[in-house]
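Working notes, beginning with the structure itself.
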Amino acid sequence: SPALEAVEYHEEDYSGVFHQPSVYRGNPTPELDEHWRKLWDYGGFNVPYDKLYLLNRSTETTWQRTPEEFGGGAAAMLWGFHQLHCLDMVRQATYRDFYEREYNSTPIAFDGPEYLVRMHLDHCIELLRIHMMCHVDVTPYLVKEDETAPIGIRAEFSSHHKCRNYDKVQKWVVDNTAI
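Using the working numbering, the first residue of the sequence shown is number 780, and each one after it goes up by one.
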């Protein structure tokens, strides 16, 4: 991927607390929806035709092209941003009644015939499943004894991870947007 040049790693401790505050959690608000949109809603970038083989893609296919001033190659977007779009859509689906009740509307992804909305959701769920199985996280989480828990134990979902710096990748996409 051309974006590999932006990849940097850092160590991070996930907080697995069930009620951990986050700008990405809770009932939908315009602010929360905007935080989610800013995670994934970016344009595409140029992949030179002579580099398509690196993606196991053929120059024989008629790919959408970027404008000549951006290289005139194949238009591409990052899978990670599509995955975040999909997760956002699943999130919105879990609050669909809330959107209808509170805003008298639903997110744009839910406009159109119900069978197409369902197909889009199923597409997203399937791609997220495939990705998670392909990149299965082997980080262990521990279980601690807790006599206050209903079954006497509690999973400890807080854990240590090595992560890509999302902001750097996001900046690379913004800096290289061609469509």
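Even for Gly, the Cβ is constructed at its ideal location relative to N, Cα and C.
Task: Per-residue burial, Asn835 [other beta carbons within 10 Å of its own, 16 or more giving buried] - done: Walking along the sequence shown from the start, residue 835 turns up at place 56. By the beta-carbon neighbour count (other beta carbons within 10 angstroms, threshold 16), Asn835 is exposed.
Open item on the list: Between the stretch 863-882 and the stretch 812-831, can you find at least three pairs of beta-carbon atoms closer than 8 Å?
Closed with: Cβ pair count under 8 Å is three or more, so yes.
Open item on the list: If you follow the beta strand (DSSP E) that Arg943 is in, where does it begin and where does it stop?
Closed with: Position 164 of the sequence shown, counted from the start, is the residue given in the question as residue 943. Run containing Arg943: 938-943, per the beta strand (DSSP E) assignment.
Task: Start and end residues, alpha helix (DSSP H) containing Val826 - done: For the purposes of this step, residue 826 is taken as the residue at position 47 of the sequence shown. Premise fails: Val826 lies in the beta strand (DSSP E), 824-826, not in any alpha helix (DSSP H).
- [ ] Could you check what DSSP says for Leu906 in three-state terms: helix, strand or coil?
- [x] Within the sequence shown, residue 906 is the residue found at index 127, counting from 1. It is helical.
TODO: Indicate whether Phe889 and Arg875 have their beta-carbon atoms separated by less than 8 Å.
DONE: As a position in the sequence shown, residue 889 is number 110, starting the count at 1. As a position in the sequence shown, residue 875 is number 96, starting the count at 1. Contact flag set, yes.
Open item on the list: Quick check on Ala855: buried or exposed, where buried means 16 or more other Cβ atoms within 10 Å of its Cβ?
Closed with: By one-based count along the sequence shown, residue 855 stands at place 76. Classification for Ala855: buried.
Open item on the list: What does the Cβ neighbour count give for Gln799, buried or exposed, with the cut at 16 atoms within 10 Å?
Closed with: The residue you call residue 799 lines up with position 20 of the sequence shown. Looking at its Cβ environment, which holds fewer than 16 other Cβ atoms inside 10 Å, Gln799 is exposed.
Open item on the list: Taking the beta carbon of Trp951 as the centre, do at least 16 other beta carbons fall within 10 Å, making it buried, or is it exposed?
Closed with: Your numbering for residue 951 matches position 172 in the sequence shown. Burial check for Trp951: the Cβ neighbour count within 10 Å reaches 16 or more, so the residue is buried.
- [ ] Report, in whole angstroms, the separation of the C-beta atoms of His939 and Glu839, which I expect to be a contact under 8 Å.
- [x] Here residue 939 refers to the residue found at position 160 when the sequence shown is read from its first residue. Here residue 839 refers to the residue found at position 60 when the sequence shown is read from its first residue. In fact, because the Cβ distance is near 46 Å, the residues do not count as touching under 8 Å.
Task: Per-residue DSSP class, three states only, for Thr956 - done: Counted from its first residue, the sequence shown places residue 956 at position 177. Assigned with DSSP and collapsed to three states, Thr956 falls in strand.
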